[in-house]
Amino acid sequence: MAAGEDITFIQGVKGDGFYITMNCGVKAAAKKAGANVKTVGPQKFDATLQKPILDAVIASKPDAILIAPNDVKAMQKPLEKAKKAGIEVVLVDTTVNEPAKVAVSAISSNNYAGGAAALKAVQRAGVSSGKVMGIGVRPGISTTDARDAGFKDAVAKNSNFEFIGQEYSQNEPAIAAQITSAAIAA
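Counting from 1 along the sequence shown, just add 767 to a position and that's the residue number in the numbering used here.
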């Protein structure tokens with residue numbers, strides 16, 4: 768970020784605590800650098816809702832876009848369009864299939880290790896064996912796919928636990944509750 772630059776931060780989803788916190792950091796860094804930040808994002812974590820927002824941002828020609836892409840495949844070509852338009856792209860948290868084709872930088876956690884850490888958290892809570900399952904958002908989100916894989920692999924390495932499957936809640940708490948209730952009842 769540099770003084771006078773116009774930057775747009777495209778959140779994965781509006782109103783989510785994680786992205787609200789990230790936005791605070793983006794704004795603080797921009798203020799320190801003297802850059803201007805506009806924050807936008809879809810109402811749901813959905814690439815079909817995020818793509819038109821990205822298209823509108825590209826048309827506004829900011830100097831840079833910070834984006835948490837909602838899908839590794841669906842957001843690849845739209846982000847290539849941003850790069851072709853001369854806009855610097857930074858991927859934050861999530862990524863796309865070929866980040867080197869679109870981004871000048873990418874910032875993310877080790878989500879695979881985070882998934883493995885989830886099993887350790889289960890054990891720290893006093894559970895030493897049993898059946899476990901994963902509940903993710905949906906396939907195609909780089910961060911949650913990596914966490915899901917890390918959890919599943921950690922379970923496979925521990926003979927005290929049995930992995931009974933991976934389900935998806937579409938980021939809806941009510942669906943996650945239904946999945947959990949059904950698994951417990953089974």
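All C-beta atoms, glycine included, are put in the ideal place defined by N, C-alpha and C.
{"Query": "N- and C-terminal bounds of the beta strand (DSSP E) containing Asn-790", "Result": "Here Asn-790 belongs to no beta strand (DSSP E); instead the alpha helix (DSSP H) covers 784-800."}
{"Query": "Identity of the residue in Asn-938, Asp-912 and Ala-831 nearest Val-857 by Cα", "Result": "Ala-831"}
{"Query": "Thr-806 - containing alpha helix (DSSP H), residue span", "Result": "Taken as a continuous stretch (DSSP letters only), Thr-806 belongs to no alpha helix (DSSP H), being part of the beta strand (DSSP E) at 803-807."}
{"Query": "Gly-882 vs Ala-923 beta-carbon contact at 8 Å", "Result": "no"}
{"Query": "Under 8 Å between C-beta atoms of Met-842 and Val-824", "Result": "no"}
{"Query": "Element boundaries [beta strand (DSSP E), containing Asp-773]", "Result": "773-777"}
{"Query": "Arg-914 classed as buried or exposed, judged by whether at least 16 other C-beta atoms fall within 10 angstroms", "Result": "buried"}
{"Query": "Residue range of the alpha helix (DSSP H) that includes Ala-873", "Result": "Premise fails: Ala-873 lies in the beta strand (DSSP E), 872-874, not in any alpha helix (DSSP H)."}
{"Query": "Rounded C-alpha distance that separates Val-904 from Asn-938", "Result": "5 Å"}
{"Query": "Alpha helix (DSSP H) segments (min. 4 residues) lying fully within the stretch 842-898", "Result": "843-851 and 878-891"}
{"Query": "Helix, strand or coil at Phe-918 according to DSSP, with G and I counted as helix", "Result": "helix"}
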